[in-house]
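Data first, discussion second: the structure below is written as structure tokens.
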Amino acid sequence: MTIQTIALNKLALSELNMRKVKPKAIDAMAADIQARGVLQNLVGYEEGQKVKICAGGRRYRALKLLQKQKAIPGTFEVPVEVRSKDEALEISLAENAQREDMHPADAVMAYRAIIDSGKEVEDVAASFGVSPAYVRRVLKLAALHPTILKAFQKDEIGMGSAQAFALTDDHDRQLEVFKRTGDNPHQIRAMLTQEKMADDDKSFQIVGEEAYLAAGGTFTTDLFGERRYCDDPGLVMDLLQDRLEAIAKAAREDGWRDAEAQLSRPDSFWMRTHLEPAGEREPTEDEAAELTQIEAAIAKRESEIEDDEHFYDDELRDLGRKQKAILGSLKVFTDEQKAEHTLIVFVGYDGIDQVAFTRSSRGSAGADGPKPPRPDYSQKVMDQLGAIRTLAVREAVAGDPELALDVLLNGLLAQVQGRGFSFEQAAEIRAENSPFHIDEAVMAHSSMREIDELAEADLARVGEEPTLATFREIDTETKLRLLAYCVASQITSLSFHSERDDQLAQIAEAAQINMVEKWEPNQAFYDQLSKATLFKLLAEGCGEGAVENCQKMKRADLAVAVNERLAGRGILPPALRMTAMAEVADSESKAA
-15 MTIQTIALNK
-5 LALSELNMRK
5 VKPKAIDAMA
15 ADIQARGVLQ
25 NLVGYEEGQK
35 VKICAGGRRY
45 RALKLLQKQK
55 AIPGTFEVPV
65 EVRSKDEALE
75 ISLAENAQRE
85 DMHPADAVMA
95 YRAIIDSGKE
105 VEDVAASFGV
115 SPAYVRRVLK
125 LAALHPTILK
135 AFQKDEIGMG
145 SAQAFALTDD
155 HDRQLEVFKR
165 TGDNPHQIRA
175 MLTQEKMADD
185 DKSFQIVGEE
195 AYLAAGGTFT
205 TDLFGERRYC
215 DDPGLVMDLL
225 QDRLEAIAKA
235 AREDGWRDAE
245 AQLSRPDSFW
255 MRTHLEPAGE
265 REPTEDEAAE
275 LTQIEAAIAK
285 RESEIEDDEH
295 FYDDELRDLG
305 RKQKAILGSL
315 KVFTDEQKAE
325 HTLIVFVGYD
335 GIDQVAFTRS
345 SRGSAGADGP
355 KPPRPDYSQK
365 VMDQLGAIRT
375 LAVREAVAGD
385 PELALDVLLN
395 GLLAQVQGRG
405 FSFEQAAEIR
415 AENSPFHIDE
425 AVMAHSSMRE
435 IDELAEADLA
445 RVGEEPTLAT
455 FREIDTETKL
465 RLLAYCVASQ
475 ITSLSFHSER
485 DDQLAQIAEA
495 AQINMVEKWE
505 PNQAFYDQLS
515 KATLFKLLAE
525 GCGEGAVENC
535 QKMKRADLAV
545 AVNERLAGRG
555 ILPPALRMTA
565 MAEVADSESK
575 AA
């Protein structure tokens, strides 16, 4: 290490200088150097006939500005610490990293340059007093698409967005999402993980990492969000179904007349009679010891946290699941009970539940039957479609007092006569405010109006706190419109294939709703679908030839193509087609 005085015209700015973003206040620094001289040496390395400056770039630029202004000559002597090229590179990063005004993008590229020079991650971490994990995170950012890195340097996107883009190494996918989202970390993460499943998802927690990896599953790790995502949610659900079916098969072998495996709690759960066990067996020594340990752990954890945190505490919930599983295994059913009744195995709130009913369920396929094909639409998408359909039915009922009266009478009489319960009705008449939300992006191509908008004039007429006298004075027509508004507000059925869903289908059929006029799929919707489902919709709208032409497209590009080609063609997902709703309504009327 030597500090030499070198003529300014013998110096040049190194391409390794870490401060790539143009520094500010060069004029002020030039004035300071002219008044007081160069107070701090520059750092450089010899290359050819020049000494390349890699630390002190702002001072070098200020000196060149003074030379341009003819305030100093090219022979002006500058103090320079001459190092080897590798040493100079590290000094450049260390010097700039200690300054608040160094742009994060500069530091990112600096680490990349040091690694490219042959240094190991651990060595770089030790040199700068950071962890190897920190260096790996920075290198993830350095590997972003060049366009995104430039946007980062220009402050067009922030650190949060840059970190979100690092969720994928696919540059094409990064660029595609960048064009759609810009500087929106939440939306970037949502788009890059929409086909993945977080490893804290209940379904994955039941399956377990060991089984998922053994089946060939892989993960994407969010180094910045400290989360992992399963790359194949379908595999997770297949493994979960296998586990449920294995439990159901074992139950049948144990003497149950019928045992079903379901991924969610049956819709008829509260409407069917639960079979009470004949008694409980005593726990084994191991079970008793484990229960004692769990109870002690629960008591200890409850003493460590506030009362209002008990319900949300992950450790307590995990202990509760283990306790519930052991206690559940102690229930005893007689051979006679098993021979006459049905066991349902399903995924409950805290894991796998087993509930016995006093009559068998409809359509049990058995564990040895063929697996149902993976559905075209995920549960998230089906929930969106259910909400869209419900909005359309609400709107129709709110605008048709006579239909609203029919719906109300149908539900109330069923309850009065003991033929049903409020929770079985599509319109669950309990006079509750039941708002729900659908993403604006998915509803961009919708003509539906909110029922509050439809009833705005009538609601204003009765005022904010109407009394019985208020209603005695208004005309019957206004009353019926308000009745329609109230009935419509109670329609909350979002799910498909349930008792309430059948009721909703009948109302939709009676209202003769044309969903093609109410809602059209858009890019935000198609972005959520698999390639197989996109091909099905494309074939229906444009023919098999269009599918052939798009076979080699990536899923994201295919979603864009499908959106462009199906726009205005009236192609809806099957769940929203009125023919499907009519079939359900017709089957219900025939059954009656």
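Under the numbering used here, the sequence shown has 480 at position 496, and the numbering climbs by one with no breaks.
Note that CB positions come from ideal geometry on N, CA and C, so glycine has one too.
Keep in mind that this is a model prediction, so the values were computed, not measured.
Using 10 angstroms around the beta-carbon of residue i, count the other beta-carbons present and answer buried if the total reaches 16, otherwise exposed.
i, result
"Q368", "buried"
"T318", "exposed"
"L(-5)", "buried"
"Y333", "exposed"
"P557", "buried"
"T374", "buried"
"E229", "buried"
"K52", "exposed"
"P385", "buried"
"E299", "exposed"
"G528", "Checking the sequence shown, residue 528 turns out to be Glu, not Gly. By the 10 Å Cβ count, E528 comes out exposed."
"I289", "exposed"
"R120", "exposed"
"P577", "Here the chain covers residues -15 to 576 and nothing more, so residue 577 does not appear."
"G353", "Residue placement at G353 is flagged as unreliable, the pLDDT there being 47, under the threshold of 50; a coordinate-derived value is accordingly withheld."
"S240", "Strictly speaking, residue 240 in this sequence is Trp, with Ser absent from that position. Result: buried."
My output table needs one value for residue i: the three-state DSSP class, helix, strand or coil.
i, result
"A199", "coil"
"H258", "strand"
"T326", "strand"
"I497", "coil"
"D242", "strand"
"Y29", "strand"
"F341", "strand"
"E106", "helix"
"E140", "coil"
"A150", "coil"
"Q(-12)", "strand"
"I555", "coil"
"K364", "helix"
"I458", "coil"
"P450", "coil"
"V22", "coil"
"G335", "strand"
"I475", "strand"
"R561", "coil"
"Q512", "coil"
"T165", "helix"
"R346", "With a pLDDT of only 44 at R346, under 50, the local geometry of the prediction cannot be trusted, and the value read off the model is given with reservation. In this structure, R346 counts as coil in the three-state DSSP scheme."
"A415", "Reliability of the predicted coordinates at A415 is poor, the pLDDT of 48 falling under 50, and no value is obtained from them."
"G527", "coil"
"S248", "coil"
"E194", "helix"
Can you round the beta-carbon distance between residue i and residue j to whole angstroms, since I take them to be within the 8 angstroms contact cut?
i, j, result
"L392", "V446", "At roughly 19 angstroms, the Cβ-Cβ gap does not stay under 8 angstroms, so L392 and V446 are not in contact."
"P116", "V105", "5 angstroms"
"A340", "L443", "Not quite, the Cβ-Cβ distance comes to about 49 angstroms (not below 8 angstroms), so this is no contact."
"V62", "I141", "Their Cβ separation, rounded to whole angstroms, is 37 angstroms, which puts V62 and I141 out of contact at 8 angstroms."
"A468", "A540", "Between A540 and A468 the Cβ distance is about 43 angstroms, and since that is not below 8 angstroms, they are no contact."
"A135", "P169", "Between P169 and A135 the Cβ distance is about 13 angstroms, and since that is not below 8 angstroms, they are no contact."
"S248", "F188", "Actually they are not in contact, since the Cβ atoms of S248 and F188 sit about 16 angstroms apart, beyond 8 angstroms."
"C214", "D167", "Wrong, their Cβ atoms sit about 28 angstroms apart, outside the cutoff."
"V92", "V122", "6 angstroms"
"L176", "L197", "Between L197 and L176 the Cβ distance is about 22 angstroms, and since that is not below 8 angstroms, they are no contact."
"I435", "R378", "5 angstroms"
By DSSP's criteria, residue i is part of a beta bridge. Which residues make up the other side?
i, result
"A503", "Note on residue identity: the sequence assigns Trp, not Ala, to residue 503. Answer is S430, bridged to W503."
"R211", "D206"
"R321", "A quick correction: the sequence has Gln, not Arg, at residue 321. In DSSP, Q321 forms no bridge with anything."
"K36", "A(-4), Y29"
"A182", "Y213"
"G263", "V316"
In the DSSP assignment, find the alpha helix (DSSP H) that holds residue i and state where it starts and stops.
i, result
"C534", "Premise fails: C534 is in no alpha helix (DSSP H) and is neither H nor E."
"Q171", "169 to 176"
"P116", "116 to 126"
"Q587", "Residue 587 falls outside the range modelled here, since the chain spans only -15 to 576, and no answer is possible."
Can you give me the start and stop residues for the beta strand (DSSP E) that residue i sits inside?
i, result
"L(-5)", "-5 to -3"
"E65", "61 to 66"
Comparing the CB of residue i with every heavy atom of the ligand FAD, is any distance shorter than 7 angstroms?
i, result
"L387", "Absence of the ligand FAD is noted for the structure shown, with no ligands found whatsoever."
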